[in-house]
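Protein chains: 4
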Amino acid sequence: MTAAGADARGKQARGLRTRARLIAATNQVVAEVGFANATTKAIAEAAGVAEGTIYRHFTDKHHLCLAAVLEANADLVDVVAQLPDRAGSAPVADVLGNALRTLASLRSQLLPIELSLLTQPALRASLTASAGDDTMEPVRAIADYIEREQALSRIRPTLDPGQTSLVLLSTLFGIAMLPGSDDRRHHERTVEEAIDVLVAGLVADR
Amino acid sequence: MTAAGADARGKQARGLRTRARLIAATNQVVAEVGFANATTKAIAEAAGVAEGTIYRHFTDKHHLCLAAVLEANADLVDVVAQLPDRAGSAPVADVLGNALRTLASLRSQLLPIELSLLTQPALRASLTASAGDDTMEPVRAIADYIEREQALSRIRPTLDPGQTSLVLLSTLFGIAMLPGSDDRRHHERTVEEAIDVLVAGLVADR
Amino acid sequence: MTAAGADARGKQARGLRTRARLIAATNQVVAEVGFANATTKAIAEAAGVAEGTIYRHFTDKHHLCLAAVLEANADLVDVVAQLPDRAGSAPVADVLGNALRTLASLRSQLLPIELSLLTQPALRASLTASAGDDTMEPVRAIADYIEREQALSRIRPTLDPGQTSLVLLSTLFGIAMLPGSDDRRHHERTVEEAIDVLVAGLVADR
Amino acid sequence: MTAAGADARGKQARGLRTRARLIAATNQVVAEVGFANATTKAIAEAAGVAEGTIYRHFTDKHHLCLAAVLEANADLVDVVAQLPDRAGSAPVADVLGNALRTLASLRSQLLPIELSLLTQPALRASLTASAGDDTMEPVRAIADYIEREQALSRIRPTLDPGQTSLVLLSTLFGIAMLPGSDDRRHHERTVEEAIDVLVAGLVADR
DNA sequence: GATGAATGAGTATTCATTCAT
DNA sequence: AATGAATGAATACTCATTCAT
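Protein chains in written order, with my numbering: chain S, 1 to 206; chain D, 1 to 206; chain Z, 1 to 206; chain A, 1 to 206.
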């Protein structure tokens, strides 16, 4: 038996692939038809497995959605991780602007499943319980970045880094929810406008 | 009052009161238990009527929610109606700041039922179809205000009024959705921070 | 509105009839296919109503079965109620024999649904909780009768009335469960044999 | 041991051990959680094998339970086997009393799995079909004993041995099912009372 | 207009059984 | 022989909607 074979023991290869497919299918279906209509039947179909298979991998729909949220969130975390270290490396408008641009596009993917958290208090509770820190990671990273730029006098010193970080992300979130957000062109222009206003608001010297 | 007189009205007094109670009950129930758990049974109970009565006044649950959204939205419309005429009457930070502050508090009330629109694509569609204009009224009013202030050179001329209006409202919406938005103190401080950044971004001269 | 009409208010006539039909259907279906196979679907069909109707009358299957057990038990209670007063009125073999004969036939009806209590600990618990006394009524009545006959020196004084009552009923229960209990003839002969042995055992003077 | 030698046996040692473990696990699990909750998953876990393994040894759950019942029944058969030969060797109260006492304790072990037969008509059918004789062995043995004691004039001659045997076993069965049968003390006293009444009923001369 | 009993399609979940490895 | 991932039919229960009163 090879090392690879040993790794596959317990969680066999096929099982892992199915699990991944289920998570992907959940994000896809929730995005397509909304959380309320994301039935286990629809998810199973999208994943190309039988309905019962869901329950070999997740104790219930609840936990499947949890896993889907965390999965979608992981990309977001990656993007913002290096942000603080970029402070001072280029104009705030460029560094923060690019980060927000990227986050905005990821947010769109994350949004549908994230919405379910707001609609379903129970889900929200167990997310903060089980994963806790990860979902707040973007907030922290951006706050860190703001703090460092403030130290370099490139962002207004009176702004509270934590609060301001929340404002930036809230705006992206709000925009992602706009009715016309499926019209890409228009959506991107709105994001640009938001970044313009927000960054200007951060660096304004008055 | 004769029977003939009552008939002539088309919508009798009792019927109107029941209708109003149903709308109020819907907003209340959705706010309390979330849209997913806002069953027709719960709404009927909260309104003090039988379940079947709902269908005397609304063709289905769908239209009941629609009416509830419009009702909740009406207050919002009132607040922003006079905003354009206030352009130039006081510093942007004051006029727009106050408007946004008020909108932020109203948004919180509106939020639960509004969320249902996002969760239920079908509802969203028929809202824009049937009511269309009213829900966009705040966007227009703020865009008007921005345009007038631009004419007075008190807001950056390069900003697109419509897009910028969307950005402002999106931020309020995003903040209303933040997990901790039930902690009033913290929530209000976040709103203040947002208004600070946004207004600064609007008026910044660079 | 008549008095009858007033009585029907709240629990309307149609509703009460449906409720009764559901209870009857439950006893019938359980008797036919066994508790494990007595699905809500089968019960609803037997009652001639839709499956969802069950839940207008009972919070869940659990409570429907509970009601069915109590209903079936009510007849048993009636039969034994007058037993104690018959002590001394005729030979033990006649009075007790007749009572046991009647109980045996009723037991057969009650048996299937009663079995569910043994199989489903949860059901058993809530039965003793909610109805408690009624199901023990037969045991008490027979114990009373035995005690009175002991006072008349017509039953062995060394026997414990409570324990002995349990033994008599256990035998009927055990017989009702015999594999061949659907062969009436044979079953009745077994009951006769049991009554013969048991009564002889009670009155034996040794 | 060569591979050829192992093959020649048809049923290999490992297979037999697994089979035995499955039967034991079935009796154990049914006793612990009741037949309704004795899933193949639970049984496989208790036996320390994979679920699929069950189907190497039994065509279905049905046949596994059948085997388990027969296994549990085997002990009962052993106990009663020598009973007929003890006729006349000691007072009926002693010989039969002891046998019934022993049977009562074994019955308690057998009961849970036996109950499943009553709950599942299909199982019951195939048991009488496939195993037939063995389960009736105790009835026959006791009937034999009664007949021999009748020949010795120590049991009432008018009693039908077969029917009476059924009555005796039914009583034990009924007592085993009493709600309080987990309270050992009380349960044993009830058994004693039953034996007292039954034996007295058998030997009574009237 | 109002009622509330009845409906039935739909939901998440379970579990005996199959099958590729 | 053994595994355990996958299956899919079946289950109890929900809920928007209809309809007789």
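Ideal placement from N, C-alpha and C gives every residue a C-beta, glycine not left out.
For chain S, the residues of the region 14 to 41 of chain D that bring a beta carbon within less than 7 Å of one of its beta carbons are 34, 35, 36, in chain order. Counting along the chain, the unbroken alpha helix (DSSP H) around residue 173(D) starts and ends at 161 to 176. Residue 73(D) and residue 134(D) have their C-alpha atoms roughly 8 Å apart. Assignment of residue 205(Z) by DSSP, reduced to helix, strand and coil, places it in the coil class. Per DSSP, residue 29(D) is one residue of the alpha helix (DSSP H) stretching across 13 to 33. Shown here, residue 83(A) sits in coil according to DSSP, grouped into three states, outside any helix or strand.
Taking the beta carbon of residue 189(S) as reference, the chain D residues within 9 Å of it are 160, 163, listed in sequence order. Bounds of the alpha helix (DSSP H) holding residue 40(Z) are 40 to 47.
Under the DSSP assignment, residue 56(S) falls in the alpha helix (DSSP H) whose first and last residues are 54 to 57. The beta carbon of residue 168(A) lies closer than 7 Å to those of 100, 142, 198 in the same chain, with the five residues before and after it left out.
Nearest neighbour of residue 47(S) by Cα position, chosen from 60(S), 66(S), 27(S), 63(S), turns out to be 27(S). Sequence-distant Cβ neighbours of residue 175(A) in its own chain, meaning closer than 8 Å and more than five residues away, are 104, 181, 187, 190, 191, 194. Beyond the five residues adjoining it in sequence on each side, residue 19(D) comes within less than 7 Å, by CB distance, of 57 in the same chain, given in chain order.
Contact of residue 175(S) with chain D is assigned, a C-beta pair being separated by under 9 Å. Rounded to the nearest angstrom, the Cβ distance from residue 79(A) to residue 106(A) is 7 Å, consistent with a contact under 8 Å. For the pair residue 144(S) and residue 84(S), the CB atoms are nearer than the 9 Å cut-off. In this structure, the beta-carbon distance from residue 53(D) to residue 96(D) does not fall below 9 Å. In the structure shown, residue 113(A) falls within a helical segment according to DSSP collapsed to helix, strand and coil. Per DSSP, reduced to three states, the secondary structure at residue 155(D) is coil, with no helix or strand assignment.
When DSSP states are grouped into helix, strand and coil, residue 126(S) belongs to the helix group. Using beta-carbon distances, residue 193(Z) counts as an interface residue toward chain A, with a partner under 9 Å. The three-state reading of DSSP puts residue 97(S) in helix, counting H, G and I together.
In the structure shown, residue 196(A) falls within a helical segment according to DSSP collapsed to helix, strand and coil. At a Cβ-Cβ threshold of 9 Å, residue 113(D) and residue 69(D) count as neighbours. In terms of beta-carbon proximity, residue 153(Z) stays away from the interface with chain A, with every pair separated by 9 Å or more. Setting aside the 5 residues that flank it on each side, residue 67(D) is surrounded in the same chain by 23, 58, each with a C-beta closer than 7 Å to its C-beta; the list follows chain order.
Contacts with chain D at 9 Å (Cβ-Cβ) include residue 200(S).
With a threshold of 9 Å between beta carbons, residue 179(A) makes contact with chain Z. Judged by DSSP in its simplified three-state form, residue 60(Z) adopts coil rather than helix or strand. Neighbours of residue 171(A) across chain Z, judged by C-beta separation under 7 Å: 167, 170, 171, 174. Of the residues 98(S), 55(S), 161(S), the one whose Cα lies closest to the Cα of residue 15(S) is 55(S). At least one CB of chain A lies nearer than 9 Å to the CB of residue 124(Z). Between the alpha carbons of residue 33(S) and residue 42(Z) lies a gap of roughly 34 Å. Among the residues facing chain D, residue 144(S) is not included, as its CB has no counterpart in that chain under 9 Å away.
Contact note: residue 82(S) does not reach chain D at a C-beta cutoff of 9 Å; the least C-beta distance is about 24 Å.
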